[in-house]
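**Student:** With mature numbering (1 follows the signal peptide of the UniProt record, and there is no 0) applied, the sequence shown covers -24 to -1, 1 to 542.
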Amino acid sequence: MTCMALFMMALLVVSMVLVSSVNARFVVQKSNIRILSPHNLRSSNHVGAMANFGVPNYGGSMVGSIVYPEKGYLGCNPFDGHEPFKSKSHRPTILLLDRGGAAAVLVADSTNEPLITMDSPEESSHAVGYIEKIGIPSALIEKSFAETLKTALTKGEDVTIKLDWSESMPHPDERVEYELWTNSNDECGSLCDKQMNFIKNFKGHAQILEKGGYTQFTPRYITWFCPRPFLLSSQCKSQCINRGRYCAPDPEQDFKEGYQGKDVVIENLRQLCVHRVANESNNSWVWWDYVTDFHIRCSMKKKKRYSKECAEEVMKSLDLPIEEIKKCMGNPEADVENDVLKMEQDLQVGRGSRGDITFLPTLVINNVQYRGKLDRTAVLKGICAGFKETTEPSICLSRDLETNECLKRNGGCWQDKQHNITACKDTFRGRVCECPLLNGVQYKGDGYTSCQDVDECKEGLACKCDGCTCKDTWGGYDCKCKGSKLYITNHDTCIERNSSKFGLFLIFLVLAVVMSGGIAGYIFYKYRLRSYMDSEIMAIMSQYMPLDSHQNSRVVHHEAEPLRQG
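If you want it as structure tokens, here you go:
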């Protein structure tokens, strides 16, 4: 890469910092850590900064024993043995530094400073081999907390801690909103390959959740701007659209050949508009189809295929409205702001708990940045942790994602074995004990020790009529009247059975009269219709055939006339 190219790349990085202006900040996502033993250390709670690699146990927790290696405590080299840190108890092993047969990793900070987020190393052939294999939670803890743990361990004490991620993801309601900050560039090495593989693998889950109304997904694309002094430079012109307002780095990092940065910006804009237009027709999930198809058919790795023409072929195959998408994109050459890309730039700046978008790709779930490996199952766990408890879709309650705590001792909840009724409800985060609603009958109680259906008799909700006797039954009640009276449920009253018989007699009598009148009316109607038809037929026939009486009179008349002499 030339010096000028490096200089322009630096300018783009600086411009990103300028976008993230005064109030911008990076938010560290944390998990809670509590010491369970020894007893003298149980007084205080601690936090750990969740790493940007590994797999956090969103919505769950883990109890394990701390191990601090005597040798190789920096964790820079593999440890000896097949399972060097196998737990002596039934609890998982939590390693106080790097890797090695552990269920979780705690990395101790080397200095006293506020917690930061650990990211994976820069791309290298050495790192790629093991970064993707990290499948356990990883967190950075404060130096003072690490020293406390080390001191207890050196004394030979069994140190047990609880890592808790149950509140690491907000879960306010029954719908999860999430965003994926991504890029259409597929020439940036393993990073681009990783995000595209995730999109392909997660597509099925995403579309099921979106079609069911469980989630609201929005794709996002990072964009930069060109500093004003360099607007007329060839580098800005090749990397930016709308006169330097929206830019992307050169895919090959070579301005003289290959694709240009502005090609990436235009395709990013097109993909944003595909989602926006599809969303207006309640078909937002088609974005996943377009992006995966575009990558297969129009990849930069296929020469001259990363183009407008190829994109339109994909849109046509998916029956997308091409003209509406073009209208959404606007004119990339115009010296004006683009509303779609302007929104993307604004949203890159962190607000509140959201934080700046600094990593690519970045997943934001319920306005909180997801931490951990960009893996189909790991991300699904993060999304499932964002649902309000008991509102999760069935996909979140599979064996691969969570353990059904109701299967073990009924979760400690109330149950009626005789009628096979339980108050235990399995959730992604664990279980809740709530008295059930069964066949329209709501049980009441604490859900742990008792649940009873509503006693309508005792509560005075029914059978309140004078002289009525009420008996509670399963799922309802039985109300009886004194003597031979009949109970009318809808009116909560008693009536005489004789009067009820007389009433039925009147009803039948009225029905009989109505039916008789109907039959008589029908007969009269048929008679009138027949008479009318007969008269009409005779009138028509009289026009063509003289009646016998008229013909006879005419014959007699002709016989009386004298014969004309010729």
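The beta carbon of each residue, even a glycine, is placed where N, CA and C say it ideally should be.
Name the DSSP bridge partner or partners of I217?
**Tutor:** On the sequence shown, position 241 is the one that residue 217 refers to. According to DSSP, I217 bridges with Y222.
**Student:** To the nearest angstrom, how far is it from the Cα of A287 to the Cα of I371?
**Tutor:** Along the sequence shown, one-based indexing puts residue 287 at 311. Along the sequence shown, one-based indexing puts residue 371 at 395. The alpha-carbon separation between A287 and I371 amounts to approximately 33 Å.
**Student:** Quick one: residues in its chain with C-beta nearer than 8 Å to the C-beta of Y235, no 5 flanking neighbours on either side, listed in chain order?
**Tutor:** Taking the sequence shown and counting its residues from 1, one reaches residue 235 at position 259. Cβ neighbours of Y235 beyond the five flanking positions: E163, D226, P227, E228, M276 and Y282.
**Student:** Please go through the same chain and pick out, in chain order, the residues whose beta-carbon is closer than 7 Å to the beta-carbon of S160, but skip the five residues on each side of it.
**Tutor:** To locate residue 160, count along the sequence shown from 1; it is residue 184. Only V240, E243, N244 and Q247 meet the Cβ criterion.
**Student:** Name the residue from D468, R67 and E153 whose alpha carbon lies nearest to the alpha carbon of E432.
**Tutor:** By one-based count along the sequence shown, residue 432 stands at place 456. Taking each of D468, R67 and E153 in turn and checking the Cα distance to E432, the smallest one comes out for D468.
**Student:** Pull up the distance between the alpha-carbon of V430 and that of G452, whole angstroms please.
**Tutor:** Residue mapping note: residue 430 aligns to position 454 of the sequence shown, counting from 1. Residue mapping note: residue 452 aligns to position 476 of the sequence shown, counting from 1. Near 8 Å, if we compare the C-alpha coordinates of G452 and V430.
**Student:** CA-CA distance, I359 and D402?
**Tutor:** Numbered from its first residue, the sequence shown carries residue 359 at position 383. Numbered from its first residue, the sequence shown carries residue 402 at position 426. C-alpha separation (whole angstroms): 17 Å.
**Student:** What are the boundary residues of the alpha helix (DSSP H) that includes Y235?
**Tutor:** Position 259 of the sequence shown, counted from the start, is the residue given in the question as residue 235. First-last for Y235: undefined, no H or E at that position.
**Student:** So is I301 buried or exposed if we call it buried at 16+ other beta carbons inside 10 Å?
**Tutor:** Working through the sequence shown from its first residue, we reach residue 301 at position 325. Buried, since its Cβ has 16 or more Cβ neighbours within 10 Å.
**Student:** Between the C-alpha atoms of A399 and W390, what's the straight-line distance to the nearest angstrom?
**Tutor:** For this step, residue 399 is matched to residue 423 along the sequence shown. For this step, residue 390 is matched to residue 414 along the sequence shown. Roughly 5 Å between the two C-alpha positions.
**Student:** State buried or exposed for S374, treating a residue as buried only when at least 16 other CB atoms are found within 10 Å of its CB.
**Tutor:** Position 398 of the sequence shown, counted from the first residue, corresponds to residue 374. Exposed, since its Cβ has fewer than 16 Cβ neighbours within 10 Å.
**Student:** Taking the alpha helix (DSSP H) that D169 belongs to, which residues open and close that run?
**Tutor:** In the sequence shown, residue 169 corresponds to position 193, counting from 1. Element bounds for D169: S166 to K187.
**Student:** Is it right to say M145 is buried, meaning 16 or more other beta carbons lie within 10 angstroms of its own, or is it exposed?
**Tutor:** Counting from one through the sequence shown, the residue named residue 145 turns up at place 169. So M145 ends up on the buried side.
**Student:** Using beta-carbon positions only, say whether D355 and F231 come within less than 8 Å of one another.
**Tutor:** Taking the sequence shown and counting its residues from 1, the one referred to as residue 355 is at position 379. Taking the sequence shown and counting its residues from 1, the one referred to as residue 231 is at position 255. According to the sequence displayed, residue 355 carries Val and not Asp. Contact flag unset, no.
**Student:** Cutting at 6 Å between CB atoms, please list the residues of its own chain near S511, excluding the five before and the five after it.
**Tutor:** Reading the sequence shown from its first residue, position 535 is the one you call residue 511. Taken in chain order, the list of residues that qualify is empty.
**Student:** Please state whether DSSP places T353 in a helix, a strand or coil.
**Tutor:** As a working mapping, residue 353 is identified with position 377 in the sequence shown. In the structure shown, T353 sits in a helix (DSSP, three-state: H, G or I).
**Student:** Using C-beta distances below 6 Å, list every residue in its chain close to A361, excluding the 5 sequence neighbours before and after it, in chain order.
**Tutor:** As a working note, residue 361 is residue 385 in the sequence shown. Same-chain partners within the cutoff: Y34, G35 and M145.
**Student:** Within 8 Å of any Cβ in chain E, is that where the Cβ of C249 sits?
**Tutor:** Absent from the structure is chain E; it holds one protein chain and no more.
**Student:** Apart from the five residues on each side of it in sequence, which residues of its chain come closer than 6 Å, Cβ to Cβ, to D448?
**Tutor:** Here residue 448 refers to the residue found at position 472 when the sequence shown is read from its first residue. Same-chain partners within the cutoff: D431 and C433.
**Student:** Strictly by DSSP, which residues pair up with Y282?
**Tutor:** Numbered from its first residue, the sequence shown carries residue 282 at position 306. Paired residues: none, contrary to the question.
**Student:** Any idea which residues DSSP pairs N21 with across the strands?
**Tutor:** By 1-based counting over the sequence shown, the position of residue 21 is 45. Note: N21 sits in a beta bridge opposite R10.
**Student:** For I117, tell me which candidate among T136, M26 and N307 has the shortest Cα-Cα distance.
**Tutor:** Your numbering for residue 117 matches position 141 in the sequence shown. Out of T136, M26 and N307, M26 has the C-alpha closest to the C-alpha of I117.
**Student:** Does DSSP classify R347 as helix, strand or coil?
**Tutor:** By 1-based counting over the sequence shown, the position of residue 347 is 371. R347: coil per DSSP, three-state reduction.
**Student:** Once you ignore the five residues that flank N342 on each side, which residues in its own chain have a CB closer than 8 Å to its CB?
**Tutor:** As a working mapping, residue 342 is identified with position 366 in the sequence shown. Contacts found: M145, P146, H147, P148, V152, E153, Y154 and G362.
**Student:** Could you tell me the boundaries of the alpha helix (DSSP H) in which W390 lies?
**Tutor:** One-based indexing of the sequence shown puts residue 390 at position 414. Counting along the chain, W390 falls outside any alpha helix (DSSP H), and DSSP gives it neither H nor E.
**Student:** Between the alpha carbons of K303 and E309, how many angstroms are there, rounded?
**Tutor:** Sequence index remark: in the sequence shown, residue 303 carries index 327 (1-based). Sequence index remark: in the sequence shown, residue 309 carries index 333 (1-based). So the two alpha carbons sit approximately 14 Å from each other.
**Student:** Given a threshold of 16 other Cβ atoms within 10 Å of its Cβ, counted over all protein chains shown, does D295 qualify as buried or as exposed?
**Tutor:** Against the sequence shown, residue 295 aligns to sequence position 319. It counts as exposed.
**Student:** Closer than 8 Å is the cut-off here; do at least three beta carbon pairs connect the segment 259 to 274 with the segment 175 to 194?
**Tutor:** yes
**Student:** Mind checking who I298 pairs with in its DSSP beta bridge?
**Tutor:** By one-based count along the sequence shown, residue 298 stands at place 322. Note: I298 sits in no beta bridge, so no partner.
**Student:** Can you give me the Cβ contacts of H22 inside the same chain, cut-off strictly under 8 Å, excluding the 5 residues immediately before and after it?
**Tutor:** Along the sequence shown, read from residue 1 onward, the residue named residue 22 stands at position 46. Only N8, I9, R10, I11, I117, E118 and F121 meet the Cβ criterion.
**Student:** Just to confirm the assignment, what range does the alpha helix (DSSP H) spanning W261 have?
**Tutor:** On the sequence shown, residue 261 is found 285 positions in, with the first residue counted as 1. Careful: W261 lies outside any alpha helix (DSSP H) and carries neither H nor E.
**Student:** Per DSSP, what kind of secondary structure is N324 in: helix, strand or coil?
**Tutor:** On the sequence shown, position 348 is the one that residue 324 refers to. The sequence given here has Gln at residue 324, not Asn. In the structure shown, Q324 sits in coil (DSSP, three-state: anything other than H, G, I, E or B).
**Student:** Using DSSP's beta-bridge definition, name the partner residues of Y424.
**Tutor:** Position 448 of the sequence shown, counting from 1, holds the residue named residue 424. Y424 pairs with nothing; no bridge assigned.
**Student:** Cβ of M319 versus every heavy atom of the ligand ZN: is any distance shorter than 7 Å?
**Tutor:** In terms of ligand content, the structure shown is empty, and the ligand ZN therefore cannot be addressed.
**Student:** I'd like the span of the beta strand (DSSP E) that includes C455, first residue to last.
**Tutor:** To locate residue 455, count along the sequence shown from 1; it is residue 479. C455 -> beta strand (DSSP E) spans G452 to K456.
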